[in-house]
C-alpha cells in the first residue's frame, strides 16, 4: 500500500472517528477544499475495496468507512507500516503545472522532480499524462534532453488555464482568508496555486472593481462575480510579473467602438493597482473580461416587469410617496421597498386580473396588530391599479412590505442589527450565533449570509457584519471573530457594539415600545418567508409526460425532465443541471421509503431561481438497469447556489413534507392546486411557530 501524506490524514480521520464525517469536516481537518476531498476519496476507493472496505455516503450525515472489524483493524495496521508519498499523483501534477506556468524559461527535469519530491521517471510519466489536458487548453508541453521542460502557447491561453486550475482546486474562502500564500500552515499545493493566481492582490482588485461603480456588477451572481475577480487577479499578477500579451486579442475596429468613458475606467482600474500605462493588447484583454462578465450579468438578470413594464414602477413609486406623506416617514428613499413591491405586484396583479383568489392566512393577525397602517394602505391602494378591486388579502401583503420598510427606519437604539458571515459551514455559524446571542443579547442576528450577499446588502438593512474571514469592505463595517468566540473576542465585540449603539442613538428616531417593536420584527420576518413561499409555489407544476422517456438511462432521463421544466433555458445550462441531478443519485438514495416517489435535488450556479416540480408516469420508470429501481413519480427541486436564508428554509420544509403520509397522498393524486394548498397550510403552521405567534380568538 502506498498513499500520500494528504490521503493518510484523510484515512486517519475516518478510522479514528468511526462515525459519519462530512466532506467539510474532512476538508477542515486536512486544510484543503471539499472538492479536493471528494477527488482524494475517489482515488482511495480501489485501495479500500481491496481490503473489503467501502466508503458509505449517507445523505445528511456524512461519510463512513464501513467493513468487517477485522478487516478495518488489518487495514489500520498496514496503513501504519506503509510507505508514504509526499504528494499524490494529482498533487504532483498540480505542483508541476504551477511551476511551469510561472516560469518563462525551461525548467530542468531534476528541478521538477525535487519540487514534486518524486523520482525522475515518475515525473516524466506525470508530464506525459498532462499533455492532452494542456493541448485541450491551447498549450503545448515541450520536453527536450538538455533543454528542460516548458509550457508554450499564447499568454491568454495560459491565463485561462490558470483560472481553470483555480476554479477546480480552490474554494472561494481560500481567496478571502487572511492567510497569505507564503504561510506554512497552508497545504503546499494550495499555497503554490494561490501564489500563481495572485491571491495577495485579490483584495485590492476587489476594492478597485467596486470603485468602478458599474450597475451591471450588482447583477452578477456570486459564481460569475468570483470568476471575474479570479480572471482579473490572474491578469494583473501576470502583468506585474512580466508575462505580457504579445498577440493581438481583438480587431482594432472593435476596440474603437469602446467608449472613451470605458477606456478611462480601465485606465483608472489599472492605475489603482499600481500598473503603469497598459499596452493596447492588455487593455483590450481586460476590456474583454469586463464585457464577458457584463453579458453574463445581463443574461442572468431576472425580468421583474414582464407583464406591467415601467408603468407599474411609476405607479408603485407614486403609491409609496402617498403613504410617505400620510405617515411622515421617508419611505421613498428605501430602494428595497420599491424593488420588493414591484417584484410582488407584477405577479399579484396578473393573478387578480385573471380572477384568481388571493389567500392570506395571516390577514386577521395583520388587521389586529397593524390597524392604522392597514387602513392607510387600503385607502390608497387604488393608485396601483384603478381597473381592478384589490381585496383585503392582497392589502395584507402590501402592509408586510411597508411594515418591513418602517422597521428599517425605526431602528431601536441600543439594538444592533448584525449579519453573520461564516465560511466554515452551517454548524460553525450556528455555534457562533448561539454564543453571540448568549453573551451580547442586544445584538439582533438577522441571519447567516455568504460573504457575497453580506457585502452587497444595503447599509440601511444592518448595522454590523460579524465575519469569521476577512472581507473586501471598509474595516468599520465588520468585525472579524473566530467561530468559537473567545473571551477576548467577546469583550472586543461588546466594546464595538457599545460604540456603535452610541452612533445609532445620535442618528435614529426615538425607540418604539418593546411590544410594538416585537410586532414589527415579526411582520418583517413574515414578509420575507411569505414572499419566498409564494414565488416558489407559483412556479410549481405537475407534469405528465406524453412521450416515451429514456427508461433505464438515468442520465438521459434527467436531461429530458430538465428540458420539460426549463424549456426556455439555454441547452448548456440544462445539461449542467441534469448532470448535477444525476450525480446526486450517486451520493445516496433518492427513493423515499414506502412509496413510489424518487426525490432529486441540487443547488447549482446554473440555476437562476428556486423551482419545484412533480413528474407522474403512467407506468413506473426504470431508473437504473443495474439496481432495477423504479419510480412512479419523481419530485425535482432546483435552487441557485447562492440562496437567501428564507428561501432555503422554505425548500427545506418542503423536503421534510415529502416524508409525511398526507403529502404522499396529495402527490399520488397529482392535483397541482391541491398540492399547493397542502404545502401552504403546512408552511403557515411553520411560519406561526417560527414567529412565535399564538392564535387569538
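In the numbering used here, the protein residues as written are 1341 to 2037.
Even for Gly, the Cβ is constructed at its ideal location relative to N, Cα and C.
For the segment 1454–1496, the full-length alpha helix (DSSP H) segments reaching 4 residues or more read 1460–1476 along the chain. Here DSSP, grouped into helix, strand and coil, assigns residue 1362 to coil. Straight-line measurement puts the Cα of residue 1656 at about 37 Å from the Cα of residue 1996. Collapsing the DSSP output to three states places residue 1805 in a strand. Closest by C-alpha distance to residue 1695, out of 1662, 1426, 1443 and 1729, is 1729.
Residue environment: residue 1867 is assigned as buried (16 or more neighbouring CB atoms within 10 Å of its CB, all protein chains considered). No residue range can be given for residue 1728, since it is assigned to no beta strand (DSSP E) and is classified by DSSP as neither H nor E. When C-beta atoms of the segment 1945–1959 are compared with those of the segment 2006–2021, three or more pairs fall below 8 Å, so the two segments count as touching.
Per the coordinates, the alpha-carbon of residue 1723 lies some 31 Å from the alpha-carbon of residue 1984. Contact between the segment 1613–1630 and the segment 1539–1553 is present: three or more C-beta pairs spanning the two stretches fall below 8 Å. Around the beta carbon of residue 1815, fewer than 16 other beta carbons lie within 10 angstroms, which makes this residue exposed. Between residue 1686 and residue 1652, the gap from beta carbon to beta carbon is short of 8 Å. Listed in chain order, the non-local C-beta contacts of residue 1396 below 6 Å within the same chain comprise 1404 and 1406, local neighbours out to five positions each way being set aside. Residue environment analysis places residue 1532 among the buried positions, since at least 16 neighbouring C-beta atoms fall within 10 angstroms of its C-beta.
By the CB criterion at 8 Å, residue 1789 and residue 1809 fall outside the cutoff.
In the DSSP assignment, residue 1958 falls outside any alpha helix (DSSP H) and lies within the beta strand (DSSP E) extending over 1951–1962. If you compare the alpha carbons of 2027, 2026 and 2006 with that of residue 2017, the shortest gap goes to 2006. Annotation: residue 1665 to residue 1871 spans about 26 Å, alpha carbon to alpha carbon. Counting only the Cα atoms, residue 1355 lies some 11 Å from residue 1417. Ranked by Cα distance from residue 1409, the first of 1795, 1421, 1628 and 1393 is 1393. Under the 10 Å beta carbon count, residue 1620 is surrounded by fewer than 16 other beta carbons and is classified as exposed.
In the DSSP assignment, residue 1412 falls within the unbroken alpha helix (DSSP H) covering 1409–1421. Between residue 1495 and residue 1585, the CB-CB gap stays under 8 Å. As the crow flies, the alpha-carbon of residue 1378 is around 10 Å from that of residue 1366. Between the C-alpha atoms of residue 1914 and residue 1897 there is a straight-line separation of about 12 Å. In the DSSP assignment, residue 1498 forms no beta bridge with any residue. Two segments are said to touch when three or more pairs of C-beta atoms, one from each, lie closer than 8 Å; by this definition the segment 1900–1911 does not touch the segment 1708–1721. Rounded to whole angstroms, the gap between the alpha carbons of residue 1680 and residue 1741 is 7 Å. Secondary structure note for residue 1975: its beta strand (DSSP E) is the uninterrupted segment 1970–1980. Between residue 1922 and residue 1976, the gap from beta carbon to beta carbon reaches 8 Å or more. For residue 1566 against residue 1434, the beta-carbon gap comes to about 20 Å, at or over 8 Å, which does not count as contact. Inclusion of residue 1743 and residue 1710 in the CB contact set at 8 Å is warranted, their separation being smaller than that value.
In chain order, 1439, 1440, 1488, 1489 and 1490 place their CB closer than 8 Å to the CB of residue 1447, counting only its own chain and leaving out the 5 sequence neighbours on each side. Annotation: residue 1464 to residue 1483 spans about 9 Å, alpha carbon to alpha carbon. Note on residue 1799: under 16 other CB atoms within 10 angstroms of its CB, so exposed under the neighbour-count rule. Residue pairing of residue 1837 in beta bridges, as defined by DSSP: absent, with no partner found.
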